[in-house]
Amino acid sequence: MIPSVSSPKICFKYSIQPFEVCNTGKTGLRFFKYRTYLIYLTSMAGLLFGTAGIPYSTPKHTTQNGIHRVAELGLDGMEIEFVRGVYMKAPDTNPVRILSDLLRIKLSAHAPYYLNFNAVEENKVKMSQHLLYQSAKMAHLCGAGSLVFHPGFYLTDSPSAAYESIRDNIRPVASRLQEEGFDITLRPEVSGKVTQFGDLKETMALCSEIPGLLPTIDFSHYHARTGKYNSYSEFSFMLSTMVDYLGENAVLNMHIHVSGIDYSPRGEKQHLNLADSDFNYKELLLALRDRGCAGLVICESPNIEEDALLLKETYFSLA
């Protein structure tokens, strides 16, 4: 059952009645006559909560319908998943941007999983650069402010050697996006597997070296990767580490992933629902609140919308 969000401290009723468009024309927009939404608006002084992809309860799985469903649920954002390929073309993005603005849903996006900026083969590095650029371009055109991506794997390299390759291969993409005026932040993700680039400190260092990068802090991944970092003090330490590398303003513009998680000594095995895992999401939310963090929290649990609502309800009920 999907919980409701009803705290008077965090929401007000905002009714809209979009008109129905029979001929969608160039925009491709389709609004539904006399559709009224109860939208919960959260100040950007705090955290927004959303789903990793289209909510499963969406009747027909399209990006636009997903945005409608996120608004209906009382959530604040959605991460567009390009994880298996950049499925959008430029003409597809305009209605997504207009609709998300209309419903005040904050968008981010996730690049394909199979990027590897530490690949041995030059063609794989070039393909990773192309896909990161294309993902960022489409995300920007959709109105997304952030693009999450996995930088790569260590393979046979030492972490320090992999770091140098990854940094040097990402830098041209970030520079090109800035030169072409794309207003989007590239966000390398803290990873869950010990074979994968994405330790906390190397992720922070990468962001400190390349303009246009800020991290995606996946707290569940880091718990799985280390077997630790699952308490208020440890979450607070992670936030302090972020500030040490990137400055205090970094915690005011965060992109966060949260889910339940199953793990082994080698790190992440699979995502779980929060109720089925040992991840201490309540203490995480308390640490985020006490530090004054702001940004978008994306839920990656299998029951994405239910746990996203659980996170939002819990956050705004903290004493």
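Be aware that the sequence shown starts at 1, since it is given in UniProt numbering, and climbs by one per residue.
Idealized CB from N, CA, C, for every residue including glycine.
Output the distance between the C-alpha atoms of residue i and residue j, rounded to the nearest integer angstrom.
{"i": "K193", "j": "L75", "result": "29 Å"}
{"i": "N169", "j": "L186", "result": "14 Å"}
{"i": "Y154", "j": "V86", "result": "25 Å"}
{"i": "R84", "j": "A111", "result": "8 Å"}
{"i": "A275", "j": "S301", "result": "10 Å"}
{"i": "I80", "j": "H130", "result": "18 Å"}
{"i": "N253", "j": "K60", "result": "32 Å"}
{"i": "K137", "j": "A90", "result": "9 Å"}
{"i": "Y232", "j": "A287", "result": "6 Å"}
{"i": "T62", "j": "S128", "result": "26 Å"}
{"i": "R167", "j": "I210", "result": "8 Å"}
{"i": "N249", "j": "F237", "result": "16 Å"}
{"i": "V125", "j": "T93", "result": "27 Å"}
{"i": "K228", "j": "T203", "result": "18 Å"}
{"i": "C22", "j": "G66", "result": "Residue confidence for C22 is low, a pLDDT of 31 falling below 50, so the modelled location carries little weight; the figure read from the coordinates is stated next. Straight-line Cα distance between these residues: approximately 21 Å."}
{"i": "F316", "j": "E179", "result": "40 Å"}
{"i": "T314", "j": "L272", "result": "18 Å"}
{"i": "I217", "j": "L177", "result": "22 Å"}
{"i": "S208", "j": "G181", "result": "21 Å"}
{"i": "L239", "j": "N280", "result": "16 Å"}
{"i": "S58", "j": "S175", "result": "According to the sequence displayed, residue 58 carries Thr and not Ser. Their backbone Cα atoms lie some 37 Å apart in a straight line."}
Grab me the residues of residue i's own chain with a C-beta within less than 6 Å of its C-beta, minus the 5 sequence neighbours each way, in chain order.
{"i": "L284", "result": "F219, F235"}
{"i": "A224", "result": "G192, I261, Y263, G267, E268"}
{"i": "Y133", "result": "V173"}
{"i": "P265", "result": "none"}
{"i": "R171", "result": "I210"}
{"i": "L73", "result": "E305"}
{"i": "M88", "result": "M138"}
Out of the options, which has the shortest C-alpha to C-alpha gap to residue i?
{"i": "H150", "options": "E189, D307, L99", "result": "E189"}
{"i": "L47", "options": "A294, H68, Y281", "result": "A294"}
{"i": "R298", "options": "N273, H257, I67", "result": "At residue 298 the sequence reads Ile, which differs from the Arg that was named. Nearest of N273, H257, I67 to I298, Cα basis: H257."}
{"i": "Y222", "options": "I98, Y245, V148, F197", "result": "F197"}
{"i": "residue 320", "options": "Y315, S259, A287, P95", "result": "Because residue 320 is not part of the residues shown, which for the chain are 1 to 319, the question remains open."}
{"i": "S100", "options": "F82, S175, C142", "result": "C142"}
{"i": "R104", "options": "G50, S165, E180", "result": "G50"}
{"i": "R69", "options": "Y315, F316, I304, E313", "result": "I304"}
{"i": "I54", "options": "A71, I217, E72, M78", "result": "M78"}
{"i": "Y113", "options": "L147, D92, V120", "result": "L147"}
{"i": "L246", "options": "N230, G212, F279", "result": "G212"}
{"i": "A162", "options": "Y281, M88, L206", "result": "L206"}
{"i": "L214", "options": "V120, G145, T58, E313", "result": "G145"}
{"i": "L296", "options": "M88, K312, S175", "result": "K312"}
Assuming the contact rule is C-beta atoms closer than 8 Å, residue i and residue j should be a hit. Round their C-beta distance to whole Å, please.
{"i": "T226", "j": "K201", "result": "Not confirmed; about 12 Å, so no contact."}
{"i": "V251", "j": "G292", "result": "7 Å"}
{"i": "S135", "j": "H255", "result": "About 14 Å; that fails the 8 Å criterion."}
{"i": "D157", "j": "N230", "result": "The Cβ separation is near 29 Å, so there is no contact."}
{"i": "H140", "j": "D183", "result": "6 Å"}
{"i": "F117", "j": "S160", "result": "Not confirmed; about 15 Å, so no contact."}
Leaving out five residues before and five after residue i in sequence, what residues of the same chain have Cβ atoms less than 7 Å from its Cβ?
{"i": "Q270", "result": "D262"}
{"i": "A308", "result": "F49, G50, T51, L75, C299"}
{"i": "L318", "result": "L285, L286, R289"}
{"i": "Y56", "result": "I304, E305"}
{"i": "Q64", "result": "P95, V96, L99"}
{"i": "T195", "result": "F153, Y154"}
{"i": "E122", "result": "none"}
{"i": "K282", "result": "T314"}
Between residue i and the ligand ZN, is there a pair consisting of the residue's CB and a ligand heavy atom that are separated by less than 7 Å?
{"i": "N249", "result": "Among the components modelled here there is no ligand, and therefore nothing to report on the ligand ZN."}
Given residue i, which residues of its chain have a CB within under 8 Å of its CB, disregarding the five upstream and five downstream residues?
{"i": "L115", "result": "S128, L131, L132, F149, H150, P151, G152"}
{"i": "V120", "result": "L155"}
{"i": "F82", "result": "M88, A109, H110, A111, P112, S135, M138, A139"}
Those runs of the beta strand (DSSP E) which lie wholly inside the region 166-202 and span at least 3 residues: Fully contained in the region 166-202 are the following beta strand (DSSP E) runs of length 3 or more, in chain order: 185-188.
Quick check for students: name the residue ranges of the alpha helix (DSSP H) that lie wholly in the region 225-260, counting only runs of 4 or more. The region 225-260 contains these whole alpha helix (DSSP H) runs: 232-246.
Could you tell me which uninterrupted alpha helix (DSSP H) segments, each at least 4 residues in length, are contained entirely in the region 72-136, listed from first to last along the chain? At a cut-off of 4 residues, the continuous stretches assigned as alpha helix (DSSP H) that sit fully inside the region 72-136 are 90-103.
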